[in-house]
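S.K.: Just dropping this structure here.
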Amino acid sequence: MPTSTSSNVAKLPEFKIQFHLRSNQPLIYQSYKEFHVRSEKSASLVDKTPWSPFCTLGDFEFVEIALASLLNQKQVNALLDLFARVTQGAVQVTLKNDAEL
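Numbering of the sequence shown is given in our numbering, commencing with residue 877 and proceeding in unit increments.
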């Protein structure tokens with residue numbers, strides 16, 4: 877005779893796992909038993925490029941600062957131009973913090 881616990885488990889609905897749209901992961905439907913016990917290790921769902929759609933982490937960080945600072949298009953372009961000239965060695969920036977402004 878089945879126990880009340882086992883009959884309750886059999887009546888449980890399937891679990892629906894829905895990932896974020898940008899993860900490109902398919903919907904997963906699992907029974908209680910499958911959901912509760914994972915025998916094999918699943919592939920890591922950690923995004924190795926969380927700064928996407930930007931090409932680099934640096935691009936993402938620059939955009940965060942520019943948006944938080946409410947920089948306009950002219951100011952953003954001026955800063956990016958300065959970064960390029962510093963990278964090329966054409967100019968130097970020696971300031972280290974706001975106290976040196």
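Every residue gets a Cβ at the ideal spot worked out from N, C-alpha and C, and that includes glycine.
Note that the coordinates shown come from a computational prediction; the quantities given were computed from them, not determined experimentally.
Residue range of the beta strand (DSSP E) that K892 falls in?
M.R.: F891 to I893 is the extent of the beta strand (DSSP E) around K892.
S.K.: Taking just the CA atoms, how far does E910 sit from E890?
M.R.: 9 Å
S.K.: Going by the CB atoms, is the gap between F930 and L955 shorter than 9 Å?
M.R.: no
S.K.: Whole-angstrom Cβ separation of Y905 and K892, contact assumed at under 8 Å?
M.R.: 6 Å
S.K.: What is the rounded straight-line gap between the Cα of V922 and the Cα of S899?
M.R.: 10 Å
S.K.: Please state if the CB of R961 and the CB of V952 are separated by a distance shorter than 9 Å.
M.R.: no
S.K.: In three-state terms, what does DSSP make of Q845?
M.R.: Not covered by the structure: residue 845. The range shown for the chain is 877 to 977.
S.K.: Put Q906 into one of helix, strand or coil per three-state DSSP.
M.R.: Strand, per DSSP.
S.K.: Have a look at D957 and G965 and give me their C-alpha separation to the nearest angstrom.
M.R.: 12 Å
S.K.: Which ranges would you report for the alpha helix (DSSP H) in the stretch 924-977 if only whole runs of at least 4 residues count?
M.R.: 933-944 and 949-963
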